[in-house]
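Written below as structure tokens is the structure these notes are about.
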Amino acid sequence: MRISTSTGTCGSVFWTQKMYYSCEQAIESIAKAGFDAIDLCFVAYGRKGLPMDAPDWRDWVKRQKENCDKHNLPVTQAHAHYYSVAESMKFTALDWEDNIGRIKRDIEAAGMCQVPWLVIHPDSVNDEAGYSRKKSLASETERFKRFGELAAKYGTGIAIENMVDHLGIGYGRRFGCNAEDLLELLDKLNADDIFGICWDTGHANLAQVNQPAAIQQIGSRLKALHINDNRGEKDDHLLPYLGYVEWTPLLKSLADVNYQGDFTYEIHNFTGGMSPEIHQQGVEFSVLVARQMVSEIEKGMKEK
2 MRISTSTGTC GSVFWTQKMY YSCEQAIESI AKAGFDAIDL CFVAYGRKGL PMDAPDWRDW
62 VKRQKENCDK HNLPVTQAHA HYYSVAESMK FTALDWEDNI GRIKRDIEAA GMCQVPWLVI
122 HPDSVNDEAG YSRKKSLASE TERFKRFGEL AAKYGTGIAI ENMVDHLGIG YGRRFGCNAE
182 DLLELLDKLN ADDIFGICWD TGHANLAQVN QPAAIQQIGS RLKALHINDN RGEKDDHLLP
242 YLGYVEWTPL LKSLADVNYQ GDFTYEIHNF TGGMSPEIHQ QGVEFSVLVA RQMVSEIEKG
302 MKEK
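This is how it looks when you write it as structure tokens:
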């Protein structure tokens, strides 16, 4: 099983919001650390004023793919643009058009990079009574059908990510926070050659999901991972074992379902506070942790 990490692992330093490392530098750091593959975090480079927001964004994407090839890092995963629930509550029609357009751009970019699985967040719909699962499922089915048509056109797949209920900003329930929501959505889409699931271990921990049971339920539809940890209060995106995720049964469940995808980190807050002087050592340490965790999964597969 390949180990991989998001380019977001090499983003900021000293907890600043400003991007410190360029995508080119992130690719070089990840290769040097010893990862087998890479997750291009398109969303990190696609906000207003950043490279993927520019008119020549296709040229930029092409350069990043060439850079990954130069460092022998297959781009096996990527992350599409997303927006928060709080942001979307204030969206105008033009805002919606802009944000959906950014996701469509990232689907094309994934095709350019020959990415097997582009991770996209599901959305939620409220009615006068608040969160509506029925309306959310119907809305997301139509939205992802349109995304799926583009994905088929550009030769990529879409992995729909599990989300988190309440994060303390008052929006309550949210669609896609459990395996049942995601699996019913996949059933409605009825295109398992295009759609799968990305399981975010940190989101599931916050949502208090029984992760081994959920992974067993998802089974072969599990196509991608966002491996990260937290302490049950915030979406910390820490290195495994620095939070409260119970890793031993989770790794066993990945072995039990014979998970065939990459072991991919999303741990930007593990490295995000480090100084430039020790940042590379932090990335390299994360490789040691990933190798050990993968060895446990592979051992479990052999013992089945």
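Just so you know, the sequence shown maps onto residues 2 to 305 in the numbering used here.
Glycine is no exception: its CB is placed at the ideal position from the N, C-alpha and C atoms.
Bear in mind the structure is a predicted one, so any value in this text is a computation, not a measurement.
Residue nearest to Met-302 within the set Ser-276, Leu-289 and Lys-253 is Lys-253 (criterion: CA-CA distance). For Gly-158, the pairing in a beta bridge is given by DSSP as Trp-118. Residue burial is scored here from C-beta neighbours: Ser-296 has fewer than 16 other C-beta atoms within 10 angstroms and is therefore classed as exposed. Shown here, Phe-43 sits in a helix according to DSSP, grouped into three states. With fewer than 16 other Cβ atoms from the protein chains shown falling within 10 Å of its own Cβ, Pro-277 counts as exposed.
In the three-state reduction of the DSSP assignment, Gln-18 falls in the coil class. Non-local beta-carbon contacts of Ala-34 in its own chain, meaning distances under 6 Å to residues more than five positions away in sequence, involve Val-284, Glu-285 and Val-288 in chain order.
Runs of the beta strand (DSSP E) lying entirely within the segment 19-99, each at least 3 residues long, are 38-42 and 76-80 in chain order. Considered as a whole, the segment 195-245 harbours 202-207 and 212-219 as its complete alpha helix (DSSP H) runs of no fewer than 4 residues, in chain order.
The count of Cβ pairs closer than 8 Å, one atom from the segment 49-66 and one from the segment 139-153, stays below three, leaving the stretches out of contact. Closest option to Phe-43, judged by alpha-carbon separation, among Asp-230, Asn-179, Asp-37 and Met-53: Met-53.
Taking C-beta separations shorter than 8 Å and ignoring five residues to either side along the sequence, the partners of Asn-206 in its chain run Gln-212, Asp-230, Asn-231, Gly-233, Gly-244, Tyr-245 and Val-246, following chain order. Phe-264: member of the beta strand (DSSP E) spanning 264-266, first to last residue.
Distance from the CA of Gly-156 to the CA of Glu-98, rounded to the nearest whole angstrom, comes to 23 Å. Collapsing the DSSP output to three states places Ser-7 in a strand.
In the pairwise beta carbon analysis, the segment 85-105 is classified as not touching the segment 20-29: fewer than three pairs are separated by under 8 Å. Apart from the 5 residues on each side of it in sequence, Arg-292 sits with its Cβ closer than 8 Å to the Cβ of Ile-4 in its chain, given in chain order.
The C-beta distance from Gln-18 to Leu-41 rounds to 20 Å, too long to fall under 8 Å, and the pair is not in contact.
When the five nearest sequence neighbours on each side are left out, the beta carbons in the same chain lying within less than 6 Å of the beta carbon of Glu-162 are those of Val-120, His-122, Cys-199 and Asp-201, in order along the chain. Just so you know, the alpha carbons of Ile-28 and Gly-149 end up roughly 28 Å apart.
A residue is called buried once 16 or more other Cβ atoms fall within 10 Å of its Cβ, and Asp-194, having fewer, is exposed. Distance from the CA atom of Ala-152 to the CA atom of Lys-235, rounded to whole angstroms, is 32 Å. Under the three-state reduction of DSSP output, Gly-131 falls in the strand class. Here Arg-175 is buried, its C-beta having at least 16 other C-beta atoms within 10 Å. For the 9 Å CB-CB criterion, Val-210 and Ala-256 do not form a contact. With a threshold of 16 other beta carbon atoms within 10 Å, Ala-225 meets it and is buried.
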